[in-house]
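Trainee:
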Amino acid sequence: MEAYIKSILKEVVDLRREFHQYPELGLEEYKTSERVESELRKIGLNTEKMHHTGIVATIKGKYEGPVLLYRTDMDGLPIKEETGLSFASRNEGVMHACGHDLHMACAVGTARVIHHFRDRLHGSVRFMFQPCEERQPGGAKQMIEAGVLENPQVDAAIGMHVTPDVEAGHFFALSGGVTSSPSWFEITITGKGGHASCPEQCIDPIKAGHYIYGKISRLGEIYRKKRAVISVTMFHGGEVQNVIPETCQMAGTVRTFSSDKTEMIRTDLMDVCAEAERFFGVKVDISFRTSMNSVYNHPDMAERMKRIICRELGSDALETDPWVFMGGEDFAEISDRVPAFFLFSGVGGKENSPKFPLHNPRFYADENMLEPAIRVISRFLLTFYLPQNRL
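Residue 7 is where the sequence shown starts when you use the numbering used here, and the numbers rise one by one after that.
#1: The beta strand (DSSP E) with Ser-265 in it runs from where to where?
#2: With DSSP collapsed to three states, give me the class of Ser-181.
#3: Just to confirm before moving on: does the CB-CB distance between Leu-83 and Met-101 stay below 9 Å?
#4: Quick one: using the 10 Å Cβ neighbour count with 16 as the cut-off for buried, is His-26 buried or exposed?
#5: Could you check which residue in Ala-152, Glu-40, Ala-63 has the C-alpha nearest to that of Ser-130?
#6: Return the first residue and the last residue of the alpha helix (DSSP H) that Met-149 is part of.
#7: Counting C-beta neighbours from all protein chains within 10 Å, is the total for Leu-349 16 or more, i.e. buried, or is it exposed?
#8: Around the C-beta of Gly-90, are 16 or more other C-beta atoms found within 10 angstroms, so that it is buried, or is it exposed?
#9: Check whether the region 201-208 touches the region 340-357, counting contact only when three or more Cβ pairs, one atom from each stretch, lie closer than 8 Å.
#10: Compute every distance between the C-beta of Tyr-28 and the non-hydrogen atoms of the ligand PLP, then say whether any falls below 8 Å.
#11: Contact defined as beta carbons within less than 8 Å: I believe Pro-137 pairs with Asp-81. What is the distance between those atoms, to the nearest angstrom?
#12: Can you check DSSP and say which residues form a bridge with Tyr-76?
#13: Is the separation between the beta-carbon of Gly-67 and that of His-128 shorter than 9 Å?
#14: Smallest Cα separation from Thr-196: which of Asn-303, Lys-361, Met-256, Ala-346?
#15: Under 9 Å between the Cβ atoms of Leu-364 and Leu-15?
#16: When you compare the region 221-230 with the region 151-169, are there three or more beta-carbon pairs, one atom per stretch, that lie closer than 8 Å?
#17: According to DSSP, is His-122 helix, strand or coil?
#18: Thinking C-alpha only, which one of Arg-310, Cys-254, Ala-371, Thr-389 is nearest His-174?
#19: Pull up the distance between the alpha-carbon of Phe-369 and that of His-216, whole angstroms please.
#20: Hey, would you say Thr-399 sits closer than 9 Å to Phe-294, going by beta carbons?
Put into structure tokens, the structure is as follows:
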């Protein structure tokens, strides 16, 4: 298998660079979808369109066995790229700044491996190319509603996301909750507007908003020690310099790994808003919604992947240091329904190379991650029918 992967690697890298040059936003991945379909059909797979630009293709093995789903995302972000790469985005204002170009190339490469070795495959592998992961609601739920987990019924699922936090060729194979559950809040503060020269005749919503912002920031510091994040990301009040406004608005996000923690934070935010009403005489309205759960990695599947990484690449490739991914992922819609595993694959450069986070206009991913990622995911899919002690 290793020799076959090396024989197709240049084509996979070229495909990744093509994806990177032509990113498209969620539910607008028309050319991306066509290109994926072309690659899958080239190796002899039948494809099915699902939920706008989503694509599904199934490889049936020679032997009976479980049905596995391999999901990947396809959309880019509304970011102007500043990497200076020779294959930088040609679609102005859109960039693959979250590695979905690598995700797709890895999935296509894995499909080629599984198809090539299908006579060794027990069961089937269903490849799911999902639109609109970056926008809410994400495309996973819609593809599930359209039947991606049915006909044939999916028994287990795997997905992958890149991280610049470790070098290419290194992996996190974590167990339990591995992505945060994102929630969103919006706060509207209503006071009494008037002329800025007569503040005594007004009830200043900005002053109350400043108080709320300070209290939320303090809550964020407290909850950060409890594996949770609270961030205010928008604060707007007033239009001109000589008017105290009637209202101001703020909004932000909450990230946790449990519904209990989310509810605790929601209650704390409500209490802060009630305090502001009492102290400043304003009216405060708050809305709070949770968009998805945490991705849950089945412990047995995590242990299986750990063994495969160590066997294929050596124990040094398996990262064991404590690490937390606070991003949300709608792969959670899948892990809510079937046993699942979500792999994190390093794309960072060597120790002294510059590192930029996901969603940054200068985010750079080391393509050397493709070969080891295809290798361990393919091995995982081809050997899933085996008991762990035979891996």
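Using N, Cα and C, we set each Cβ at its ideal position, and we do this for glycine too. Computed from a predicted model, the values in this text were never measured in an experiment.
Mentor: Based on what the coordinates show:
#1: Not the beta strand (DSSP E): Ser-265 falls in the alpha helix (DSSP H), residues 265-286.
#2: Correct three-state label for Ser-181: coil.
#3: Taking C-beta atoms as the reference points, Leu-83 and Met-101 count as a pair closer than 9 Å.
#4: With 16 or more neighbouring CB atoms inside 10 Å of its own CB, His-26 falls in the buried class.
#5: Proximity to Ser-130 across Ala-152, Glu-40, Ala-63 peaks at Ala-63, based on C-alpha coordinates.
#6: Per DSSP, Met-149 is one residue of the alpha helix (DSSP H) stretching across 145-151.
#7: Answer is buried; the Cβ neighbour count reaches 16.
#8: Under the 10 Å beta carbon count, Gly-90 is surrounded by fewer than 16 other beta carbons and is classified as exposed.
#9: Taking 8 Å as the limit for Cβ pairs, the verdict is that the region 340-357 does not touch the region 201-208.
#10: Only the bare structure without any ligand can be found here, which leaves the ligand PLP out of the picture.
#11: That belief holds up - the Cβ atoms of Pro-137 and Asp-81 are roughly 6 Å apart, short of 8 Å.
#12: According to DSSP, which records beta bridges pairwise, Tyr-76 is partnered with Phe-133, Ile-164.
#13: Closer than 9 Å, so yes.
#14: The residue with the shortest Cα to Cα distance from Thr-196 is Met-256.
#15: No, they are not a contact pair.
#16: These segments do not touch.
#17: Helix.
#18: Note that residue 174 is Ala in the sequence shown here, rather than His. That would be Ala-371, whose Cα lies nearest to the Cα of Ala-174.
#19: Phe-369 and His-216 have their C-alpha atoms some 33 Å from each other.
#20: The displayed coordinates of the chain run from 7 to 397. Any statement about residue 399 would go beyond what the structure contains.
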